[in-house]
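Engineer: Protein sequences appear in the order of chains A, B and C. When the letters of the first sequence are read in order and numbered with numbering that gives the first Met the number 0, they come out as residues 0 to 213. When the letters of the second sequence are read in order and numbered with numbering that gives the first Met the number 0, they come out as residues 0 to 213. When the letters of the third sequence are read in order and numbered with numbering that gives the first Met the number 0, they come out as residues 0 to 213. Glycine residues also receive a C-beta, built at the ideal position from the N, C-alpha and C atoms. Being a predicted model, the structure only gives us computed values, none of them experimental.
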Amino acid sequence: MEGIFITILDLTGTFVFAISGIRLASGKNIDWFGAYIIGLATAIGGGTTRDVLLDVTPFWMLDGKYFLTTGVALLATLLFKNKIFRLGNTLFLFDAIGLGLFTIVGISKSLEAQLPFWVCIVMGAITGSVGGLIRDVLLNEVPLLLRRDIYALACVTGGVVYFMCLQLNFSTSITELTAALVVILVRVVAMKFHIHLPVLNSLKNPYSDKTDKS
Amino acid sequence: MEGIFITILDLTGTFVFAISGIRLASGKNIDWFGAYIIGLATAIGGGTTRDVLLDVTPFWMLDGKYFLTTGVALLATLLFKNKIFRLGNTLFLFDAIGLGLFTIVGISKSLEAQLPFWVCIVMGAITGSVGGLIRDVLLNEVPLLLRRDIYALACVTGGVVYFMCLQLNFSTSITELTAALVVILVRVVAMKFHIHLPVLNSLKNPYSDKTDKS
Amino acid sequence: MEGIFITILDLTGTFVFAISGIRLASGKNIDWFGAYIIGLATAIGGGTTRDVLLDVTPFWMLDGKYFLTTGVALLATLLFKNKIFRLGNTLFLFDAIGLGLFTIVGISKSLEAQLPFWVCIVMGAITGSVGGLIRDVLLNEVPLLLRRDIYALACVTGGVVYFMCLQLNFSTSITELTAALVVILVRVVAMKFHIHLPVLNSLKNPYSDKTDKS
């Protein structure tokens with residue numbers, strides 16, 4: 000029963016991340032197959048990076064459902080584009096749910112690999128946010144992750160809560176649920192109330208300077 | 000005998016992919032060594048990504064000829080730049096041949112690793128096209144792969160044909176030859192007759208929207 | 000004693016590479032946490048790429064000091080921004096020292112993995128320069144590495160000297176010291192006297208051409 004629930008959340012996260020990639024690809028003169036690749040990179044990029052760093056087989060090689068789900072996301076976008084692209088707030092909520100779930104998956108897989116807690120938190124953040132980062136690099140934009148809102152920081156906060164729950168001897172299920180909810184909550188509250196970290200200002204454009212590291 | 004033939008095709012593919020990288024690097028205020036790095040990334044980027052995902056030693060570490068061939072490509076470009084840059088159609092044909100060969104190499108290596116057929120097809124497409132993708136990311140362009148023509152899709156088509164041939168009990172040599180020819184043919188025909196997939200249009204610029212995934 | 004010395008150099012390299020990332024992130028509408036991520040990518044990106052290619056556990060997973068040092072670098076930047084950003088020449092010298100050290104670390108780790116000498120030299124150059132490359136890709140710039148000065152080439156020169164010293168039966172310490180000094184010297188001299196490799200010019204913009212590899 001719990002397995003079915005997790006599978007549904009996992010595929011929902013994949014679907015919504017893929018939609019977010021396909022949506023940002025639109026209007027960039029990218030064809031359908033290119034949009035599929037962007038959707039795929041967004042949905043599986045974080046988990047693949049985590050698995051390469053953990054030196055395990057990338058998760059999508061063991062199960063075709065991630066490629067299929069991305070295909071369904073592309074199909075849905077092509078069929079119901081106007082509706083899906085206007086689903087702003089609903090999409091955002093699903094995206095936050097996907098972020099929470101992916102973060103927990105990343106932490107669990109790292110715990111299995113017996114890594115120290117802070118590496119697990121980093122892996123959770125990588126699983127949740129590197130897909131969106133690869134998407135933006137491919138679309139030739141400065142990653143939204145770096146520019147805006149509380150995103151990777153929501154993953155880190157959820158990760159810290161995860162290990163606080165473990166310290167308090169919470170069961171695995173409760174720990175995972177609590178941490179995922181924290182990720183979602185931090186993300187939603189930050190977005191709703193426009194909470195941002197301060198921006199780092201410069202004195203001048205450092206790329207026109209001749210004395211820094213290249 | 001067959002081994003020599005494959006080596007020649009392999010180095011031809013490497014050479015032409017390197018030329019394509021060096022050529023696109025020109026006019027971007029990049030120096031000779033930078034051009035070598037771009038050529039190298041184009042020629043070995045796909046196979047390296049495949050080998051990291053398959054968790055095997057990257058192929059170029061085991062044999063210096065890929066670095067040497069890229070060096071020869073740089074030298075040839077410096078010596079005969081005007082001629083090589085004007086070789087548009089001939090270069091394109093060699094590039095298509097390289098694509099076909101790299102795709103087959105990717106599929107074969109994945110079969111050896113006993114991966115399911117659809118993962119092998121994905122690995123073939125990665126081997127053929129990720130080099131060009133890395134090249135474009137380094138040169139700060141939206142990857143041509145995403146924008147234009149039938150490229151990664153040619154690899155996928157060749158991959159499907161590969162496994163159809165295996166199902167029909169064709170020998171390995173015939174299977175590989177057929178699949179490579181299909182890749183090349185799809186690529187050449189698509190280019191010749193300007194066959195494109197439809198472009199994904201947008202309602203507005205999604206990067207200026209505040210409710211999508213970052 | 001030697002161990003403490005190496006640790007100090009290692010952390011100095013990490014610190015200065017992180018500063019270089021944070022500095023280039025400023026003025027790009029990036030928030031504090033984004034700046035931390037850029038600093039981290041600059042400081043550990045090269046070594047992580049090396050470790051993934053060598054198929055060993057990424058070095059930063061085994062020791063939290065790289066993440067901490069990057070945090071200190073962010074804090075220092077926030078507190079003393081005007082001073083640090085004006086430290087042009089001093090920063091540059093530290094950056095060159097970091098480059099020399101990182102190159103030697105890359106070569107040593109590759110030698111332990113019993114790779115051929117030229118692969119070790121490549122790994123040294125990857126360790127020294129890929130961090131800056133990832134930084135520039137994330138900040139959506141053509142990598143400085145490709146555009147300017149002697150950078151990766153300094154690593155390669157140091158690597159060649161490393162193996163010349165080994166051939167001459169120098170001790171490991173002397174070999175490492177000599178090679179690191181050569182990297183630093185090549186970098187400083189090239190910068191001081193504005194020594195550049197020639198730039199690769201083009202006939203026209205190749206990205207508007209329809210016949211090249213995509």
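Express the C-alpha separation of Ala24(A) and Tyr35(C) in angstroms, rounding to a whole number.
Structural biologist: 27 Å
Engineer: Check whether the segment 158 to 178 of chain B and the segment 102 to 114 of chain B touch, using three or more Cβ-Cβ pairs below 8 Å as the test.
Structural biologist: yes
Engineer: Rounded to whole angstroms, what's the CA-CA distance from Ile183(C) to Ala95(C)? Just pull it up for me.
Structural biologist: 5 Å
Engineer: For Pro57(A) and Thr11(A), what's the separation of their Cα atoms in angstroms?
Structural biologist: 19 Å
Engineer: Go ahead and pull the three-state DSSP assignment for Asp54(A).
Structural biologist: coil
Engineer: With DSSP as the reference, identify every bridge partner of Asp30(B), one or two as the case may be.
Structural biologist: Val198(C)
Engineer: Check whether the segment 143 to 162 of chain A touches the segment 117 to 130 of chain A, counting contact only when three or more Cβ pairs, one atom from each stretch, lie closer than 8 Å.
Structural biologist: Yes: at least three Cβ pairs fall under 8 Å.
Engineer: Using alpha carbons as the reference points, say which of Ile21(C), Trp31(C), Phe16(C) and Ile29(C) lies closest to Ile43(C).
Structural biologist: For the residues Ile21(C), Trp31(C), Phe16(C) and Ile29(C), the minimum Cα distance to Ile43(C) belongs to Phe16(C).
Engineer: What does the alpha-carbon distance come out to for the pair Tyr65(B) and Val181(A)?
Structural biologist: 49 Å
Engineer: Taking only three categories from DSSP, how would you classify Asn88(B)?
Structural biologist: helix
Engineer: Quick one: Cα of Gly70(C) to Cα of Gly45(C), how far?
Structural biologist: Take the alpha-carbon of Gly70(C) and the one of Gly45(C): they are about 18 Å apart.
Engineer: If we ignore side chains and look at the alpha-carbon of each, how far apart do Asp135(A) and Leu8(C) end up?
Structural biologist: 35 Å
Engineer: Would you check if the distance between the CB atom of Arg49(C) and the CB atom of Met122(C) is smaller than 9 Å?
Structural biologist: yes
Engineer: So, helix, strand or coil for Ser107(B), using DSSP?
Structural biologist: helix
Engineer: Would you say Val118(B) lies against chain A (beta-carbon separation less than 9 Å)?
Structural biologist: yes
Engineer: What's the call for Ser109(A), buried or exposed, on a 16-neighbour Cβ count within 10 Å?
Structural biologist: buried
Engineer: For Gly12(B), does the three-state DSSP call read helix, strand or coil?
Structural biologist: helix
Engineer: Considering only residues of the same chain and omitting the five flanking positions on each side of Leu196(A), which have a CB-CB separation below 8 Å?
Structural biologist: Ile149 and Leu152
Engineer: From this set, Val198(B), Asn200(B) and Ala189(B), which residue's C-alpha is nearest Phe91(B)'s C-alpha?
Structural biologist: Ala189(B)
Engineer: Using the Cα positions of Phe192(A) and Asn28(B), report the straight-line distance between them to the nearest angstrom.
Structural biologist: 44 Å
Engineer: Do Leu199(A) and Gly20(C) count as a contact pair if the criterion is CB distance below 9 Å?
Structural biologist: Not in contact: Gly20(C) and Leu199(A) (Cβ atoms no closer than 9 Å).
Engineer: Alpha helix (DSSP H) containing Leu145(A): first to last residue?
Structural biologist: Leu143 to Arg146
Engineer: To which residues of the same chain is Gly99(C) closer than 6 Å at the C-beta, ignoring the five residues directly before and after it?
Structural biologist: Ala179, Val182 and Ile183
Engineer: Tell whether a beta-carbon distance below 9 Å holds between Leu52(C) and Val55(B).
Structural biologist: Against a cut-off of 9 Å, the Cβ pair of Val55(B) and Leu52(C) comes out as no contact.
Engineer: Name, please, each residue of chain B whose Cβ falls closer than 7 Å to the Cβ of Pro57(A).
Structural biologist: Leu52
Engineer: Buried or exposed for Leu78(B), please, with buried defined as at least 16 other CB atoms from any protein chain shown within 10 angstroms of its CB.
Structural biologist: exposed
Engineer: What does the Cβ neighbour count give for Arg85(B), buried or exposed, with the cut at 16 atoms within 10 Å?
Structural biologist: exposed
Engineer: When you check each C-beta in the segment 25 to 46 of chain C against every C-beta of chain A, which residues fall closer than 9 Å?
Structural biologist: Using a CB distance below 9 Å, the part of the segment 25 to 46 of chain C facing chain A consists of Ser25, Gly26, Lys27, Asn28, Ile29, Asp30, Trp31, Phe32, Gly33, Ala34, Ile36, Ile37 and Thr41, ordered along the chain.
Engineer: Report the three-state DSSP secondary structure of Ser170(A) (helix, strand or coil).
Structural biologist: coil
Engineer: Would you give the residue range spanned by the alpha helix (DSSP H) that Ser128(C) belongs to?
Structural biologist: Phe116 to Leu137
Engineer: Please classify Ser19(A): does DSSP put it in a helix, a strand, or coil?
Structural biologist: helix
Engineer: Looking at chain C, is there any beta carbon in it that lies within less than 9 Å of the beta carbon of Arg134(A)?
Structural biologist: no
Engineer: Going by alpha carbons, who is nearest to Val159(C) out of Leu145(C), Ala75(C) and Trp117(C)?
Structural biologist: Trp117(C)
Engineer: Is Pro142(A) buried or exposed, if buried means 16 or more other CB atoms sit within 10 Å of its CB?
Structural biologist: buried
Engineer: Check whether chain C comes within 9 Å of Val188(A), counting only Cβ atoms and requiring the distance to be less than that.
Structural biologist: no
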